[in-house]
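Chain order of the listed sequences is B and R. Start counting the first sequence at 1; every next residue gets the next number (the numbering used here). Start counting the second sequence at 302; every next residue gets the next number (the numbering used here).
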Amino acid sequence: MPPVVALDRISKSYENKVAVEDLSFQIEPGSMFGLLGPNGSGKTSSIRMMIGITMPDSGSVRLFGKPYERESLKRVGYLPEERGLYKKMKVMDQLVFIGRLRGLDPAVAGKRAHEWCERLQILDAVQKKTEELSKGMQQKIQFIATLIHEPELVIMDEPFSGLDPVNASLLQDTLLDLKKKGRAILFSTHRMDQVEKLCDTICLIHRGRAVLSGGMREVKSRYERDHVVINFDGEACFLHHPSVKSFKNYGGQAEIELHEHANAQDLLRAAMEKAVVYRFELMEPSLEEIFIRTVGEKIDA
Amino acid sequence: MRNVWLVAQREYMEQIRGKTFKITTVLLPAVFIGIMAVMVFAGSWGSGKHVVVAAQNQDLAMRVRDQLLADKDAKMSVDVLAPANEADRQTLHAEMDRKEIDGFVWLTPSPDAKVQVTYVSRSAGDFSTNDLLQKAVNHALVEHRLVAKGIPAAEVAPLTGTVDVKTMLYRQGKETPSSALSTLIFGEVMAFLLTFTVVMYGMNVGRSVIQEKTSRIFEVMLATVKSTDMLAGKLIGIGAVGLTQIAIWIIFGAIALSSALVETWLSGYARPQVSVTEIALLCLYFVLGYGLYSAFFAGLAATCDTEQELQQYAPLAAVPVWLSFGMFVYIMGNPNSIWSILISMFPPTSPITMAFRFAAQFPPAWQIALSLALLAVSIYIVLWLSSRLYRVGILMYGKRATLPEMFRWLRYS
């Protein structure tokens with residue numbers, strides 16, 4: 001099966017700024033792809049080129065194994081960061097309208113809209129105008145509008161920004177569900193901590209360039225597990241063990257950074273001699289840390 | 302094409318269901334009928350002015366008074382002061398200061414047996430009173446001189462009797478009664494409705510673009526619909542709303558004009574002649590005029606962020622309208638002069654000025670064809686520019702684009 005999205009060295013610059021430079025990646029069916037990077041790093045620009053809202057200056061975009069063509073967009077569901085709805089339109093009319101634009105029959109669109117509204121518990125609202133609804137409800141309708149035509153590729157630009165916690169977890173569940181059904185999902189975010197557990201594959205971009213990409217596990221395995229969190233009761237002198245580079249002791253819980261190639265098991269043994277250990281976790285570095293290490297600067301999130 | 306149709310349909314339904322459509326459909330003709338009614342009634346009430354006729358010769362003064370009073374519509378009250386001298390003039394000034402009289406006519410014999418006449422009044426620019434005075438004084442003078450020459454008083458009236466010139470319109474080989482006034486009114490009505498719909502719906506397109514921009518729906522739409530399809534759908538949908546409104550007016554207008562009530566109301570007025578061709582042409586001018594203005598505003602709206610910013614461009618639509626209406630009287634009087642022809646060829650003014658010319662005299666076919674062709678070409682050019690501004694502008698949030706920015710957008714491929 002060809003990759004759902006294949007970007008090959010795409011670049012785009014606006015008059016005084018390079019938005020994207022030589023960006024390449026692929027998204028496989030049934031996977032969740034995270035396009036990560038700080039604000040202004042070129043995430044939205046990349047996405048817009050992917051779905052033909054703007055054209056790359058150079059490089060190529062392939063969707064579903066074919067060079068970009070408009071017809072492919074009927075198989076894509078796109079939720080932009082700046083997302084809206086027609087305010088004066090009734091919810092049902094709106095969903096049917098959007099479904100029809102993507103090639104659905106009015107009856108099918110209506111049926112699916114109804115099913116989704118039922119599932120997301122907003123059936124009461126379907127005959128109301130959008131402007132009468134709460135923000136959380138509008139967000140749900142935006143999800144439905146994105147997914148109503150059962151797209152094989154779902155693209156969401158900063159989907160979690162501005163979501164209330166209920167809708168955020170609802171969205172997570174929905175996305176996992178879609179992944180299980182074999183859909184490819186791409187989302188972008190600058191909040192890397194939020195998505196660590198969701199992504200199978202990531203691409204970290206910074207100033208329009210990919211600085212790190214690949215499978216999540218593979219990326220993480222490139223970095224040593226050199227952080228330890230320990231919960232203990234008793235003497236804390238093991239914190240001066242030779243393998244410890246630095247530590248913060250909060251009394252009962254300590255966060256430790258190990259020296260390079262240090263053996264954590266030795267530290268655990270030392271700790272157990274002096275104290276009762278409730279928890280000893282050898283942490284892998286977070287995406288955010290990896291990003292900071294790679295680009296050598298803080299994320300201006 | 303399917304998407305254009307869907308967008309047009311959505312736009313049409315939203316506007317038709319909206320309050321603005323219902324209100325303007327009813328209110329506009331109502332306001333118009335109201336204004337006309339006021340004009341007609343105000344005219345029939347007359348000015349009700351109080352004037353004094355002052356002369357040395359009492360007979361002349363009395364005759365002027367009789368002439369003035371003969372015009373029943375003017376409802377004037379006229380006093381006579383004769384013989385009058387310079388001291389009386391001061392008294393009359395004082396009466397005017399106390400607002401007891403509106404003005405006075407001063408007749409003095411001049412050395413060469415002619416008469417000098419002045420009308421002194423508190424208001425300038427009262428055309429109808431001036432007109433009336435002109436006629437009354439001259440008529441009275443003729444009578445006065447005839448009597449002075451020894452013509453018996455009984456023969457004076459038949460000798461000086463006037464007749465009204467009846468105007469007929471020759472069109473399509475037939476003579477039909479017409480009046481300059483009703484033609485004037487008809488031309489104005491057509492032009493007014495055309496202007497209103499063309500500009501209003503043109504602005505509506507702009508407003509709808511802004512609303513889509515502020516509601517951030519564009520990017521959602523652009524992931525499935527081409528920006529040019531969206532623009533086309535919007536223009537078609539809103540234009541169809543305008544045509545619907547015009548159709549409603551035409552149908553109700555036709556019913557109203559044939560009803561008995563209007564029959565009696567219009568009795569004495571010649572009815573304006575409208576042919577099916579003219580109505581069809583007016584609709585065509587609406588479509589093209591709307592196309593021009595709406596394409597223009599769609600492009601501009603894409604460069605703005607709020608309706609207020611868009612409002613600042615409104616004078617760009619108002620200037621051609623002012624220009625057209627400013628030429629109104631001239632065109633009605635000289636429908637075939639070079640200036641009338643030129644302004645009815647200029648695309649921004651052609652829909653309105655052509656409506657004037659239809660009312661005055663049906664223009665030659667080649668002129669209509671040329672003005673339509675010019676309009677079509679200008680729509681093509683404006684649409685080309687606008688669609689480029691639109692494509693870039695709808696995804697630009699922030700502030701209104703400056704002119705240099707717009708030029709840069711036009712260059713984007």
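The C-beta atom is built at its ideal place from N, Cα and C for all residues, glycine as well. Since the model is a prediction, treat every value here as computed from it, not as a measurement.
Alpha carbon to alpha carbon, how far is R:Q359 from R:E456? Give it in angstroms, no decimals. Start at 1 with the first residue of the second sequence, and residue 456 of chain R comes out as number 155. Start at 1 with the first residue of the second sequence, and residue 359 of chain R comes out as number 58. Going by the C-alpha atoms only, they are around 20 angstroms apart.
Beta carbons nearer than 9 angstroms to chain R: which residues of the segment 7-32 of chain B have them? E15
Quick one: list the residues of chain B neighbouring R:L611, beta-carbon separation under 7 angstroms, in chain order. Translated into positions along the second sequence, residue 611 of chain R becomes position 310. Simply none; closest approach about 18 angstroms.
Please list the terminal residues of the continuous alpha helix (DSSP H) segment that includes B:T294. For this step, residue 294 of chain B is matched to residue 294 along the first sequence. Counting along the chain, the alpha helix (DSSP H) containing B:T294 begins and ends at L287 to V295.
As a quick exercise: from R:L585, R:G335 and R:F663, pick the residue whose alpha carbon is nearest that of R:N635. Residue mapping note: residue 635 of chain R aligns to position 334 of the second sequence, counting from 1. Taking only the C-alpha atoms, the option nearest R:N635 is R:F663.
Which value, in whole angstroms, describes the spacing of the CA atoms of B:E158 and B:A254? Residue numbering aside, residue 158 of chain B sits at position 158 when the first sequence is read from its first letter. Residue numbering aside, residue 254 of chain B sits at position 254 when the first sequence is read from its first letter. Approximately 34 angstroms, taken between the alpha carbons.
Please name the residue, chosen from R:L601, R:V464, R:G590 and R:F659, that lies closest to R:V577 on a Cα-to-Cα basis. For this step, residue 577 of chain R is matched to residue 276 along the second sequence. It is R:F659 whose Cα lies nearest to the Cα of R:V577.
Could you give the distance in angstroms between the alpha-carbon of B:E150 and the alpha-carbon of B:G30? For the purposes of this step, residue 150 of chain B is identified with residue 150 of the first sequence, where counting begins at 1. For the purposes of this step, residue 30 of chain B is identified with residue 30 of the first sequence, where counting begins at 1. When rounded, the distance between both Cα atoms is 14 angstroms.
CA-to-CA distance, R:T703 to R:G319, given in whole angstroms: By one-based count along the second sequence, residue 319 of chain R stands at place 18. By one-based count along the second sequence, residue 703 of chain R stands at place 402. Cα-Cα distance, rounded: 33 angstroms.
If we ignore side chains and look at the alpha-carbon of each, how far apart do R:F587 and R:V499 end up? Residue 587 of chain R sits at position 286 when you count from the first residue of the second sequence. Residue 499 of chain R sits at position 198 when you count from the first residue of the second sequence. Each residue's Cα considered, the two are about 6 angstroms apart.
Reference R:R303, options R:A603, R:V418 and R:A533, closest by Cα: Reading the second sequence from its first residue, position 2 is the one you call residue 303 of chain R. Among R:A603, R:V418 and R:A533, the Cα nearest to that of R:R303 is on R:A533.
What residues match up with B:K181 in a beta bridge as DSSP calls it? Numbered from its first residue, the first sequence carries residue 181 of chain B at position 181. Note: B:K181 sits in no beta bridge, so no partner.
Close beta carbons around R:L434, own chain, < 7 angstroms, minus the five adjacent residues each side: Locating residue 434 of chain R in the second sequence gives position 133, where the first residue counts as 1. If we look at R:L434 and ignore the five residues flanking it on each side, its Cβ neighbours are V406 and Y420.
Give a yes or no on whether the minimum CB-CB distance between B:A145 and chain R is below 8 angstroms. Position 145 of the first sequence, counted from the first residue, corresponds to residue 145 of chain B. Output row for B:A145: interface = yes.
Can you find a C-beta in chain B that's less than 8 angstroms from the C-beta of R:I518? For this step, residue 518 of chain R is matched to residue 217 along the second sequence. True, the Cβ-Cβ gap to chain B drops below 8 angstroms.
Quick check: what's the CA-CA separation for B:I292 versus B:K245? Position 292 of the first sequence, counted from the first residue, corresponds to residue 292 of chain B. Position 245 of the first sequence, counted from the first residue, corresponds to residue 245 of chain B. So the two alpha carbons sit approximately 19 angstroms from each other.
Which two residues bound the contiguous alpha helix (DSSP H) that contains R:Y594? Numbered from 1 along the second sequence, position 293 holds the residue referred to as residue 594 of chain R. Here the alpha helix (DSSP H) through R:Y594 covers V577 to T604.
So if I threshold CB-CB distances at 7 angstroms, which residues from the segment 90-117 of chain B count as touching chain R? F97, R100, L101 and R102
Would you check if there are 3 or more beta carbon pairs closer than 8 angstroms linking the segment 100-117 of chain B to the segment 184-198 of chain B? no
Limits of the unbroken beta strand (DSSP E) element including B:L153: In the first sequence, counting from the first residue as 1, residue 153 of chain B sits at position 153. Note, B:L153: beta strand (DSSP E), L153 to D157.
Any C-beta of chain B under 8 angstroms from that of R:A524: Taking the first residue of the second sequence as position 1, residue 524 of chain R is located at position 223. For R:A524, the answer is yes, since a Cβ of chain B falls inside 8 angstroms of its Cβ.
Give the residues of chain R in contact with B:K87, contact being defined as C-beta atoms less than 7 angstroms apart. Residue mapping note: residue 87 of chain B aligns to position 87 of the first sequence, counting from 1. Going along chain R in sequence order, the residues near B:K87 (Cβ under 7 angstroms) are S516.
Alpha carbon to alpha carbon, how far is B:E69 from B:P56? Give it in angstroms, no decimals. Numbered from 1 along the first sequence, position 56 holds the residue referred to as residue 56 of chain B. Numbered from 1 along the first sequence, position 69 holds the residue referred to as residue 69 of chain B. Their Cα atoms are separated by approximately 14 angstroms.
Own chain partners of B:A301 with C-beta closer than 8 angstroms, once the 5 adjacent residues on each side are dropped: For this step, residue 301 of chain B is matched to residue 301 along the first sequence. With a pLDDT of only 43 at B:A301, under the threshold of 50, the placement of this residue in the model should not be trusted, and no figure is reported.
Under 8 angstroms between the Cβ atoms of R:L393 and R:V353? As a position in the second sequence, residue 393 of chain R is number 92, starting the count at 1. As a position in the second sequence, residue 353 of chain R is number 52, starting the count at 1. Yes, the pair counts as a contact, with Cβ atoms nearer than the cut-off.
Consult DSSP for R:A356 and reduce its assignment to one of helix, strand or coil. Against the second sequence, residue 356 of chain R aligns to sequence position 55. Here R:A356 sits in strand by DSSP.
Give me the subset of the segment 61-79 of chain B whose CB atoms are less than 9 angstroms from a CB atom of chain R, sorted by chain position. R70, L73, K74, V76, G77, Y78 and L79
Do B:C199 and B:F33 have their beta-carbon atoms positioned less than 8 angstroms apart in this structure? The residue you call residue 33 of chain B lines up with position 33 of the first sequence. The residue you call residue 199 of chain B lines up with position 199 of the first sequence. Result yes, Cβ atoms of B:F33 and B:C199 sit closer than 8 angstroms.
Interfacial residues, the segment 44-59 of chain B to chain R, with Cβ spacing under 7 angstroms: I51 and I53
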